[in-house]
């Protein structure tokens, strides 16, 4: 999640983040904090702390395992859940909300049946245009950093907390995120998945791999 620094430098409002690679002294902000691995999935090893000693111990345990610890101030708005904005081919597609995932202080996340990812409560959403504007700004900043056009992104998910005028980016998911297809009604889901298939075929054409229909055995 070191990309959060790049987005912040580009002017995208993000949750303040400090990174501590193995061997670095862990410095904690005042108040409650969230400590997690800088590379992770499904909120595994993500915990909320009010006691500095426990927070530092968890960060140092991550470091001892060879991982970089990410420390963020706890933002109470996360208790109201997140808004996930889904983009296909760099254009906005749909959105959904995710209920609070972070467990109470001292508790472990409730995991799904696979035992790998935190259990999520999802619902359809119709975000304010200001939230979509923030999502577009995040994609533009990321692509400027990577040197590629936004349209090259087959899919992307931008996770925000807060409402219009105060929202901040929690995560930018560009590698196999859940796209919340089931939060769309049947007709909308079919239309957007068809659009996604066209984006995939166009990407294959750009890469010189030819149309999907010609490549199938």
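Numbering (our numbering), first residue to last: 20 to 236. All residues carry an ideal CB built from backbone N, CA and C; glycine is no exception.
1. Just tell me which of 112, 155, 167 has its CA closest to the CA of residue 30.
2. With a threshold of 6 Å on Cβ separation, who are the neighbours of residue 75 within its own chain once the five nearest residues in sequence on each side are excluded?
3. Where in the region 131-183 do unbroken runs of the beta strand (DSSP E), each at least 3 residues long, occur, reported from the N-terminal end onward?
4. As a quick exercise: from 226, 180, 37, 225, pick the residue whose alpha carbon is nearest that of residue 117.
5. Determine, using beta carbons only, whether residue 203 and residue 113 come nearer to each other than 8 Å.
6. Are the CB atoms of residue 53 and residue 93 nearer to each other than 8 Å?
7. Might you give, ordered along the chain, the residues of its own chain that have their beta carbon closer than 7 Å to the beta carbon of residue 189, omitting 5 neighbours on each side?
8. Residue range of the beta strand (DSSP E) that residue 56 falls in?
9. Between the C-alpha atoms of residue 88 and residue 147, what's the straight-line distance to the nearest angstrom?
10. With DSSP collapsed to three states, give me the class of residue 28.
11. Give the secondary structure of residue 105 by DSSP, where H, G and I count as helix, E and B as strand, and everything else as coil.
12. Leaving out five residues on either side along the sequence, give the residues of the same chain with a beta carbon under 8 Å from the beta carbon of residue 211.
13. Are the C-beta of residue 155 and some C-beta of chain D separated by less than 8 Å?
14. Given a cut-off of 8 Å, decide if residue 158 and residue 173 are closer than it, judged by their beta-carbon atoms.
15. Is the beta carbon of residue 192 sitting closer than 8 Å to the one on residue 175?
16. Tell me which same chain residues have a C-beta within less than 6 Å of the C-beta of residue 162, skipping the five on either side of it?
17. Please confirm whether residue 104 and residue 150 have their CB atoms less than 8 Å apart.
18. My output table needs one value for residue 41: the three-state DSSP class, helix, strand or coil.
19. What is the DSSP secondary structure of residue 70, reduced to helix, strand or coil?
20. Throw me the rounded Cβ distance for the residue 90 and residue 39 pair, which I believe falls under 8 Å.
21. If distances are taken between C-alpha atoms only, which option among 47, 51, 195 comes closest to residue 69?
22. Buried or exposed: which applies to residue 84, given that a residue is buried once 16 or more other Cβ atoms fall within 10 Å of its Cβ?
23. Can you name the start and end residues of the beta strand (DSSP E) that residue 116 belongs to?
In short:
1. Scanning 112, 155, 167 for the CA closest to the CA of residue 30 turns up 155.
2. Cβ neighbours of residue 75 beyond the five flanking positions: 45.
3. Every beta strand (DSSP E) of 3 residues or more that sits fully in the region 131-183 is shown, in chain order, as 141-144, 174-180.
4. Ranking 226, 180, 37, 225 by CA distance to the CA of residue 117 puts 180 first.
5. Residue 113 sits close to residue 203, with the two beta carbons spaced by under 8 Å.
6. Cβ atoms of residue 53 and residue 93: closer than 8 Å.
7. Excluding sequence neighbours, residue 189 sits near 34, 101, 178, 179, 180.
8. Counting along the chain, the beta strand (DSSP E) containing residue 56 begins and ends at 52-56.
9. If you draw a straight line from the Cα of residue 88 to the Cα of residue 147, it is about 33 Å long.
10. Assignment of residue 28 by DSSP, reduced to helix, strand and coil, places it in the helix class.
11. Here residue 105 carries a strand assignment [DSSP, helix/strand/coil].
12. Cβ within range, chain order: 107, 112, 113, 200, 203.
13. No chain D is present in this structure, which holds just one protein chain.
14. Not a contact, by the Cβ cut-off of 8 Å.
15. Going by C-beta atoms, residue 192 is nearer than 8 Å to residue 175.
16. In its chain, beyond the 5 residues on either side, 169 have a beta carbon closer than 6 Å to the beta carbon of residue 162.
17. Yes, they are a contact pair.
18. In the three-state reduction of the DSSP assignment, residue 41 falls in the coil class.
19. Of the three classes helix, strand and coil, the one that applies to residue 70 here is coil, per DSSP.
20. With a Cβ gap of about 7 Å, residue 90 and residue 39 count as contacting.
21. With distances taken between Cα atoms, residue 69 lies closest to 51.
22. Counting the other CB atoms within 10 Å of its CB gives residue 84 a total below 16, which places it among the exposed residues.
23. Its beta strand (DSSP E) spans residues 110-117.
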